[in-house]
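Mapping to this note's numbering: the sequence shown position 80 is 238, numbers consecutive.
Heads up, the beta-carbon is just placed ideally off N, CA and C, and yes, glycines get one too.
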Amino acid sequence: MFADASCRKPQNLINIWWNGENGTPQCTKASSVSIQSGATRSHINFTMLTGKVIHGQVINRHGTPIPDVCVAATSHCASQWFSGALTNDKGQFSIQGLPANVYYLHIHPQCSFSRHIKKQVWWIGGNQISSDCQKAVSIALTNVNEITDIVFQIDAQPALTGQVQSITQIPIANVCVNIKGFCENKWFGSAITDNNGIYSFDTIPQEEFYLQTSVSCQKTQKYINAWWNSRGGHPSCQNAEPIVLKADTSHDFTLQAGNMIQGQVFNKKHQPLPNVCVIASGKCQKDWFGQTITNENGAYNLIVPDGQYYLLTDTSCDTPNFYVNQWWRSQTGALDCQDAQPIEVANNQTKKRINFSLQTGGLLAGNIVSHEKKPLPNTCIAVTRKCDQSVMLIDQTDAHGHFTKVLPAGTYHVKTDYQCKSHPVWTREIHTKTPAKNIFMDQWWKKHKAPLIARNHRLLTFAWVKNPNQLILCYHLAVLFPGV
Numbered sequence: 159m160f161a162d163a164s165c166r167k168p169q170n171l172i173n174i175w176w177n178g179e180n181g182t183p184q185c186t187k188a189s190s191v192s193i194q195s196g197a198t199r200s201h202i203n204f205t206m207l208t209g210k211v212i213h214g215q216v217i218n219r220h221g222t223p224i225p226d227v228c229v230a231a232t233s234h235c236a237s238q239w240f241s242g243a244l245t246n247d248k249g250q251f252s253i254q255g256l257p258a259n260v261y262y263l264h265i266h267p268q269c270s271f272s273r274h275i276k277k278q279v280w281w282i283g284g285n286q287i288s289s290d291c292q293k294a295v296s297i298a299l300t301n302v303n304e305i306t307d308i309v310f311q312i313d314a315q316p317a318l319t320g321q322v323q324s325i326t327q328i329p330i331a332n333v334c335v336n337i338k339g340f341c342e343n344k345w346f347g348s349a350i351t352d353n354n355g356i357y358s359f360d361t362i363p364q365e366e367f368y369l370q371t372s373v374s375c376q377k378t379q380k381y382i383n384a385w386w387n388s389r390g391g392h393p394s395c396q397n398a399e400p401i402v403l404k405a406d407t408s409h410d411f412t413l414q415a416g417n418m419i420q421g422q423v424f425n426k427k428h429q430p431l432p433n434v435c436v437i438a439s440g441k442c443q444k445d446w447f448g449q450t451i452t453n454e455n456g457a458y459n460l461i462v463p464d465g466q467y468y469l470l471t472d473t474s475c476d477t478p479n480f481y482v483n484q485w486w487r488s489q490t491g492a493l494d495c496q497d498a499q500p501i502e503v504a505n506n507q508t509k510k511r512i513n514f515s516l517q518t519g520g521l522l523a524g525n526i527v528s529h530e531k532k533p534l535p536n537t538c539i540a541v542t543r544k545c546d547q548s549v550m551l552i553d554q555t556d557a558h559g560h561f562t563k564v565l566p567a568g569t570y571h572v573k574t575d576y577q578c579k580s581h582p583v584w585t586r587e588i589h590t591k592t593p594a595k596n597i598f599m600d601q602w603w604k605k606h607k608a609p610l611i612a613r614n615h616r617l618l619t620f621a622w623v624k625n626p627n628q629l630i631l632c633y634h635l636a637v638l639f640p641g642v
């Protein structure tokens, strides 16, 4: 049996094992306790004595305290563990309840919560440390009750650091700097700039990564987000450069002041819609210039460079729902990107009341497969009101050949567009260069089982056919109802 004096809070009492008398700090001298079923064993008493204490601090090479570091008092090379303590917010530790003995101090990453601690280190005197336990210096707690001023100085230089400033060299605080994949939403971690615009990361991914700012992650700031490159950053990810860590290298951003587009997103009952993304792009998403997300009041702030933009909502960027995405066109909005109205901003301008009023719709979902029933990714579907009308909406299948689109209530015609010719931005070279034996013919969806398969009015399956005589002419999709 073992008595732990500090199981609830630290106390300067020596932990002891029961030995048939008053207890012993050495487990090798402990006595076992035998008891039979239904019996009571009494007089298992412990007498706990006041212990000795080791005080110290853990700092980095700049003298900054490092909290949440586990410092242990052990025998030589940790063959036996005696006690330990975590550093507080000032980097200080107190190892209490130690019996008279000779100790060695070390830090181990497995019992430390600090990301600064990467490997086990031993105290070797002064403020020096070593990963070699043979170099550790002993601390004798025999004739003294307390040892102070033990300092571990850890080389905890941030693995990645930099500064964010304006083109007039003014530091910008409260900017999130994100570690991301190239031109994608794959996110590895974030850091926030301090009052001097400085940010730092303690840990970084092993794979190739890039840096992107998020200027308004804490509060709205009128600067244009940038991807890092050696010239101070660029708004387009296409001009980003991968991060290569070198000694004494700072990865700095120089951000340009931008224009602000403000507005709110409502439903048809004029209730604000939170967590809706608003995207600034070229016409029909030819180019992407940035995006933001609405707050709890449905409000958004979008910072963009001088230029002309088309705004589009992405209602399911955070949570799937049945609201229909919309292009901005005055107060009415537009489903077709060709009907969208541009917004021009320049010279640090703020454009207000660019609002959206979204309606609910039905979910059009399905799969596109080859005649061999293999999924066809990056394949478009074209949606029209009538067969002879121009394409109203385009969607594209994912890696599994699946597509989803929320549409207003109504009746539609749906057709495949294998090479995405209806949407020039999505046209893929891989389609135009596909060998002739794998070129597929576009077809309309028919509400019959043969030769195509339709599970229900919401989930459509396009099964490609080789014989052009089997192609179906224009048939319509059953009516979609809101929320269906």
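{"Asked": "P643 by DSSP, collapsed to three states: which one?", "Found": "Lying before the first or after the last residue shown, residue 643 is absent from the chain, which here runs from 159 to 642."}
{"Asked": "With DSSP as the reference, label T232 as helix, strand or coil.", "Found": "strand"}
{"Asked": "By the 10 Å Cβ neighbour count, where 16 or more other Cβ atoms means buried, how is N505 classified, buried or exposed?", "Found": "exposed"}
{"Asked": "Looking only at its own chain, which residues have a Cβ that is under 8 Å from the Cβ of Y116, when we skip the five neighbours before and after it?", "Found": "Limits of the chain in this structure are 159 at one end and 642 at the other, which puts residue 116 out of reach."}
{"Asked": "Given this structure, state the Cα-to-Cα distance separating R389 from C495, to the nearest angstrom.", "Found": "35 Å"}
{"Asked": "Check whether the segment 538-550 touches the segment 507-515, counting contact only when three or more Cβ pairs, one atom from each stretch, lie closer than 8 Å.", "Found": "no"}
{"Asked": "For the segment 459-538, which segments carrying the beta strand (DSSP E) assignment without a break, of at least 3 residues, lie completely within its bounds, in sequence order?", "Found": "465-472, 501-503, 514-516, 519-527"}
{"Asked": "So, at 6 Å on beta carbons, what are the nonlocal neighbours of V260 in its own chain, with the 5 sequence-adjacent residues on each side left out?", "Found": "S296, A298"}
{"Asked": "Here's the rule: buried if 16 or more other CB atoms are within 10 angstroms of the residue's CB, otherwise exposed. What is A349?", "Found": "buried"}
{"Asked": "Compute the Euclidean distance between the alpha carbons of P478 and G242, then round it to the nearest angstrom.", "Found": "49 Å"}
{"Asked": "Does K338 come out as helix, strand or coil in the three-state DSSP assignment?", "Found": "strand"}
{"Asked": "Do you know how far the Cα of F346 is from the Cα of S372?", "Found": "14 Å"}
{"Asked": "With H, G and I counted as helix, E and B as strand and the rest as coil, what does DSSP make of Q321?", "Found": "strand"}
{"Asked": "DSSP three-state call for C442: helix, strand or coil?", "Found": "helix"}
{"Asked": "Check this for me: beta carbons of V302 and F251, under 9 Å apart or not?", "Found": "no"}
{"Asked": "If you check the beta carbons only, do N310 and I337 fall under 9 Å apart?", "Found": "The sequence shown places Phe at residue 310, not Asn. No."}
{"Asked": "Mark H409 as exposed unless 16 or more other C-beta atoms lie within 10 angstroms of its C-beta, in which case mark it buried.", "Found": "buried"}
{"Asked": "Quick check on DSSP: helix, strand or coil for Q292?", "Found": "helix"}
{"Asked": "Thinking F160 and N173 are a contact (beta carbons under 8 Å), I'd like their distance in whole angstroms, please.", "Found": "7 Å"}
{"Asked": "Of all the options A331, G196, Q364, which has the alpha carbon lying nearest to the alpha carbon of N354?", "Found": "A331"}
{"Asked": "Might you give, ordered along the chain, the residues of its own chain that have their beta carbon closer than 8 Å to the beta carbon of Q286, omitting 5 neighbours on each side?", "Found": "Q311"}
{"Asked": "Classify P183 as helix, strand or coil using the three-state DSSP reduction.", "Found": "coil"}
{"Asked": "Would you mind working out which of K187, K277, L256 sits nearest I305, comparing C-alpha positions?", "Found": "L256"}
{"Asked": "Got a sec: does the ligand SAH put a non-hydrogen atom nearer than 8 Å to the Cβ of G524?", "Found": "The ligand SAH is absent from the structure shown, which contains no ligands of any kind."}
{"Asked": "Using the C-alpha atoms, what's the distance from H266 back to G440?", "Found": "54 Å"}
{"Asked": "Does Q547 come out as helix, strand or coil in the three-state DSSP assignment?", "Found": "coil"}
{"Asked": "Can you tell me which residues form a DSSP beta bridge with Y262?", "Found": "T232"}
{"Asked": "Taking the alpha carbon of H201 as the point to measure from, which residue in W176, K563, P329, E399 has its own alpha carbon closest?", "Found": "W176"}
{"Asked": "In the structure shown, what three-state DSSP assignment does C269 receive?", "Found": "helix"}
{"Asked": "Roughly how far, in whole angstroms, is the beta-carbon of Q238 from the beta-carbon of Q169, given that I think they are within contact range, below 8 Å?", "Found": "Not really, about 21 Å apart at Cβ, beyond 8 Å."}
{"Asked": "Look up P132 in the DSSP assignment and give the residues it is bridged to.", "Found": "This structure gives no information on residue 132, because the portion of the chain shown stretches from 159 to 642."}
{"Asked": "Over the uninterrupted beta strand (DSSP E) stretch that includes K210, give me the two end residues.", "Found": "210-218"}
{"Asked": "On a Cα-Cα basis, can you pick out the residue from K210, V333, D313, C395 that is closest to G221?", "Found": "D313"}
{"Asked": "Please classify M159: does DSSP put it in a helix, a strand, or coil?", "Found": "coil"}
{"Asked": "For K467 and L534, I'd like the C-alpha separation in whole angstroms.", "Found": "Just to set this straight, residue 467 is Tyr in the shown sequence, not Lys. When rounded, the distance between both Cα atoms is 32 Å."}
{"Asked": "At which residues does the beta strand (DSSP E) containing I382 begin and terminate?", "Found": "Per DSSP, I382 belongs to no beta strand (DSSP E) and is neither H nor E."}
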